[in-house]
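Quick note on numbering: the sequence shown equals residues 12 to 197 in the numbering used here. Ideal placement from N, C-alpha and C gives every residue a C-beta, glycine not left out.
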Amino acid sequence: MHAVDNEFDYFTAVDDRKADASETGAGMIGTVEFNSSTLYRYATLDVDALHRTLGDGDATRAAVEAFLTAFVRSMPTGKQNTFAHRTLPDAVLVRMRDSQPINLVGAFEMPIRETHTAGRVELAAAALAKHTVAVENAFGERPTASWVTQVGEKTAVLADLGKAVSLGELVNGVGEHVALALGQPA
């Protein structure tokens with residue numbers, strides 16, 4: 012969504028206390044590159060195909076709910092301890108459709124650049140909201156249901172795109188919608 016310049020973390024590691032002074036300790040010196048960026052992630056599920064594969068409505072609902080939770084909470088595992096990168100998303104938008112999936116990455120064709128009055132998160136949320144409405148209006152696409160989990164005022168513009176809920180409510184709402192679509196009680 013925006014240009015990223017790598018930073019360098021200079022490090023040293025030395026065994027400075029050894030029980031046996033005759034044994035050589037470990038030592039290293041070097042740099043590790045790192046950066047921080049704003050990311051747009053997209054996934055799509057074909058619930059009908061999943062249901063055909065699993066053959067059971069309850070299993071389908073459980074699989075969809077588990078996928079949603081895992082997708083939102085998943086983090087890359089590299090350098091977890093070095094950079095403490097356990098950052099949850101600023102916003103999650105789920106749009107259910109009975110037509111076709113729509114990737115909204117076009118909102119970020121132009122890099123998001125912070126200004127003196129707005130940061131990248133706020134500007135990215137605004138770009139996503141604007142692009143979502145534009146695409147759906149241009150193609151006559153309307154979701155059958157939509158939920159938004161958003162954090163704070165920076166992403167408030169996304170609340171108009173769906174029912175504003177916590178992540179738990181979003182997962183449960185999607186699960187209920189899946190159950191109803193499969194002809195089962197929510």
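Check                                                                                                                                                                                                           : Outcome
Buried or exposed: where does residue 161 fall if 16 or more other Cβ atoms within 10 Å of its Cβ makes it buried?                                                                                              : buried
Taking residue 192 as the reference, which of 169, 156, 143 has the closest Cα?                                                                                                                                 : 156
Under a Cβ-count criterion, where at least 16 other Cβ atoms within 10 Å of its own Cβ denotes burial, should residue 62 be classed as buried or exposed?                                                       : buried
Please list the terminal residues of the continuous beta strand (DSSP E) segment that includes residue 106.                                                                                                     : 102 to 107
For residue 83, tell me which candidate among 73, 99, 70 has the shortest Cα-Cα distance.                                                                                                                       : 99
Report the rounded CA-to-CA distance for residue 189 versus residue 41, giving the unit in angstroms.                                                                                                           : 51 Å
Could you tell me which uninterrupted beta strand (DSSP E) segments, each at least 3 residues in length, are contained entirely in the segment 96 to 175, listed from first to last along the chain?            : 102 to 107, 156 to 161
What does residue 78 pair with, by DSSP beta-bridge criteria?                                                                                                                                                   : Note: residue 78 sits in no beta bridge, so no partner.
Closest to residue 24 by C-alpha separation, out of 117, 18, 39, 16, would be which residue?                                                                                                                    : 39
Ends of the alpha helix (DSSP H) at residue 181?                                                                                                                                                                : 178 to 192
Taking the alpha-carbon positions, what's the residue 102 to residue 79 distance?                                                                                                                               : 13 Å
Quick one: using the 10 Å Cβ neighbour count with 16 as the cut-off for buried, is residue 104 buried or exposed?                                                                                               : buried
Using 8 Å as the cut-off, can you tell me whether the segment 108 to 115 makes contact with the segment 136 to 149, which would need three or more C-beta pairs spanning the two stretches below that distance? : yes
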